[in-house]
Amino acid sequence: MEHALIYCRVSTEEQAEDGHHSLATQLKLCKRAIEESNKFKLIDDGVFEDPGRSATNMNRPGLQDMLLKIQDDKTIRAVFIQDTDRLARNALDHMQIKAIMKKHDVELFSVSQPGITDSPEGNFMDLVIAGVNQLQSQITSRKTLKSLELKFWEGWWPTGVAVGYLNAGEPDDEKKRIIIVDEERAPLIQEAFKMYVTGDYSVFEVRDALYKKGFRTHADKRLAHSKMIEILKNPFYYGEMRWRGLINTGKHKPLIDKDLWERVQLVMAKHNRYACRRQKFNFILRGLTFCANCGQRYTAEHHPKKNKSYYHCNRSGDQIKCQDKYVEVWDIEQQVANLFKYIEFTPNFTDRLVTKIEKIYSSRKEVINKDKRGLNTQKMMFEKKRDTAEEKLFAGLITDDDFTRIKVKIKEQLELLQDELYVQDKKLNMRIDELQDMLLFVRNAYEAYTKSPDEMKRLFLGLYWERFEVADKKIQTVIPSPIIRGLMQAEDMVFTKKYKEITGPRIITDLAVEFTPFIAGKSKSKIAPKTQKSRQIAEIPAMISNQPNSVILDTVWGDHWESNPDFCFHKAKS
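According to the numbering used here, the sequence shown is numbered sequentially starting from 282.
Structure (structure tokens):
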């Protein structure tokens with residue numbers, strides 16, 4: 282007798298145990314059909330099941346195992362199923378499975394659909410039924426989505442609930458599911474937002490801090506980094522629901538307010554904006570360099586055969602290609618570094634900034650030391666409890682098991698406190714390192730920039746420069762960042778006039794007049810920008826106020842800078 286397999290599937294775990302289409306019912310019907318055929322016999326390990334799996338795709342372990350069995354075992358000649366909708370509810374998947382079976386001379390038998398045979402009429406009926414199965418699945422899906430959408434507009438989240446909340450039955454109607462606060466996890470979610478908004482913690486550090494406080498996955502592991510980002514970006518926590526392009530205010534209790542959520546998004550954007558991500562070749566000028574001929578952004582790439590890296594114009598897809606030359610990475614990056622030779626702060630500003638830095642460091646140091654004192658006090662208390670437990674053990678007042686349990690618990694608490702002390706020391710060291718870099722930059726910008734790692738260089742570049750325009754392998758035009766443009770206009774308040782000695786690239790500190798990019802050898806652009814957006818980038822950049830940022834000046838000069846005669850230009854221009 283020829284060998285046969287059986288495939289069974291149900292969509293939900295409940296159906297797997299009960300109902301007309303339960304796994305047991307399907308298996309029983311298929312076995313009976315094999316016995317009555319008098320042609321096939323079920324081989325050992327020939328039953329493949331997918332409990333709680335949708336048939337709208339082929340990502341099912343049981344189905345994949347069965348298809349592998351068909352390909353590996355050349356003696357298989359038949360597969361028995363109860364209905365074709367058990368096999369697939371997608372016509373394309375159904376035909377693909379049938380094609381694999383046909384390739385290996387395996388016939389499909391549907392117990393409740395005897396009209397499906399390996400004949401022209403039978404194949405036609407099989408195709409029609411497969412289409413009907415798909416139609417039924419899509420109609421069911423549409424009805425489900427409509428009911429979920431109705432629930433969404435009623436103010437309740439329609440699918441899996443966010444971390445920090447639980448699904449529960451409504452007090453007046455247990456069948457109606459609502460969202461309630463998870464009293465165990467919600468405080469930790471709130472703490473995550475409060476930690477991150479300070480700017481002192483990375484996503485990894487927030488996640489690890491929550492882990493130490495008991496915030497874990499169902500597998501008792503740390504939360505994935507991507508999941509932690511998803512939590513910090515989720516507006517659900519301040520009461521706004523976003524689902525399938527729809528927006529509504531939820532009836533659930535918010536864990537945070539909108540202001541805190543928005544500040545967290547700003548901190549995250551700041552952390553990511555100038556981040557130097559790990560990659561094989563790190564091009565620190567990406568996003569800051571543009572072609573002076575056509576206005577397109579420069580890109581960078583490495584050429585393995587030459588073992589060299591280049592920046593070049595990213596213009597492509599037009600009938601006319603930009604003819605700007607490739608420039609080696611080291612060359613243009615050195616040109617940018619040389620610009621920092623002309624960044625020189627006034628002695629008065631330097632002295633005031635040093636004083637401010639000392640004040641900031643002292644204040645942060647005092648806060649950290651206060652936290653450390655509190656942690657050390659807790660550590661001494663637990664050490665005292667451990668000593669007391671040891672005395673009770675020697676006196677026979679507690680059993681060995683009780684002492685072991687107490688000792689393990691105290692050890693865990695001491696380790697957590699030691700970790701927190703380490704974090705506080707690390708924060709203090711990071712602060713002094715950051716302030717040291719700032720002091721060096723104020724006193725010698727070029728030396729500080731060249732000595733910095735790529736991550737710090739990227740930060741300096743983003744802080745000081747907005748745009749470099751390149752043509753013929755040379756930087757032709759430089760636009761400082763808005764705040765630096767404003768400070769350069771402040772007439773010896775912050776910067777000396779040394780930057781005006783630059784004879785190479787043209788530094789634009791005043792965008793009150795229309796800015797036109799440099800065109801080598803011609804007064805008009807060689808190539809018309811290919812899109813309206815490109816034209817705007819190349820010809821008419823955004824108009825930004827040149828007035829100094831009062832917040833920055835207040836930080837260094839104090840609250841009386843407006844009364845200083847040196848600042849009268851500010852009021853006169855306004």
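Ideal placement from N, C-alpha and C gives every residue a C-beta, glycine not left out.
Neighbour-count burial assignment, residue i, 16 or more Cβ in a 10 Å radius
| i | result |
| --- | --- |
| N650 | exposed |
| I756 | buried |
| P786 | buried |
| W611 | exposed |
| D522 | Correcting the residue identity first, residue 522 is Met in this sequence and not Asp. Buried, by the Cβ-count rule. |
| Q577 | buried |
| E614 | buried |
| A359 | buried |
| R748 | buried |
| S418 | buried |
| T440 | exposed |
Minimum C-alpha distance to residue i - residue among the options
| i | options | result |
| --- | --- | --- |
| E701 | Y492, M282, R578 | Y492 |
| E782 | K665, K622, K514, I641 | K622 |
| V442 | D463, E693, F496, W746 | D463 |
| T777 | I624, M662, V704 | I624 |
| I315 | L286, F405, I470 | L286 |
| K534 | M549, A467, D501, Q363 | A467 |
| R633 | K586, V648, R724 | R724 |
| R603 | A752, G531, E736 | Reading the sequence as shown, one finds Cys at residue 603 and not Arg. Nearest C-alpha to C603: A752. |
| G520 | H583, G445, D489 | G445 |
| F626 | K707, P395, L426, I765 | I765 |
| V484 | H499, R503, L721, T530 | R503 |
Unbroken alpha helix (DSSP H) run spanning residue i, endpoints
| i | result |
| --- | --- |
| W611 | 610-620 |
| G343 | 342-353 |
| L674 | 628-675 |
| V507 | One point to set straight first is that residue 507 is Ser, not Val, in the sequence displayed. Counting along the chain, the alpha helix (DSSP H) containing S507 begins and ends at 506-514. |
| E486 | 484-493 |
| R367 | 365-368 |
Residue i - containing beta strand (DSSP E), residue span
| i | result |
| --- | --- |
| Q757 | 755-761 |
| M522 | 521-524 |
| L389 | 388-391 |
| H583 | 579-584 |
| C311 | First-last for C311: 304-318, but that is the alpha helix (DSSP H), not the beta strand (DSSP E). |
Distance, residue j Cα to residue i Cα
| i | j | result |
| --- | --- | --- |
| N448 | I420 | 27 Å |
| A573 | T631 | 35 Å |
| L547 | F564 | 25 Å |
| A670 | K475 | 37 Å |
| Y698 | K457 | One detail in the question is off: residue 698 reads as Leu in this sequence, not Tyr. Going from the Cα of L698 to the Cα of K457 covers about 44 Å. |
| D366 | K514 | 40 Å |
| F517 | Y482 | 22 Å |
| V704 | K646 | 13 Å |
| E317 | N338 | 32 Å |
| M282 | V409 | 32 Å |
| R341 | S292 | 11 Å |
| H506 | I470 | 14 Å |
| K738 | E728 | 11 Å |
| V689 | L674 | 14 Å |
| Q307 | T479 | 59 Å |
| P452 | W542 | 30 Å |
| H653 | K692 | Residue 653 is actually Lys in this sequence, not His. Their Cα atoms are separated by approximately 19 Å. |
| Y288 | E465 | 43 Å |
| V608 | K754 | 5 Å |
| G743 | K508 | 28 Å |
| A819 | N595 | In this prediction, A819 has a pLDDT of 37, which is less than 50 and means its spatial position is unreliable; what the coordinates show is noted afterwards. Cα-Cα distance, rounded: 14 Å. |
| F741 | D501 | 41 Å |
Chain B within 8 Å of residue i, Cβ atoms only
| i | result |
| --- | --- |
| E639 | Of the protein chains in the structure, only one exists, and it is not chain B. |
Bridge partners - residue i, DSSP secondary structure assignment
| i | result |
| --- | --- |
| I788 | V759 |
| W746 | P761 |
| I528 | R523 |
| H499 | In DSSP, H499 forms no bridge with anything. |
| T570 | F749 |
Residue i: CB within 7 Å of a non-hydrogen atom of the ligand PLP
| i | result |
| --- | --- |
| D463 | The ligand PLP is absent from the structure shown, which contains no ligands of any kind. |
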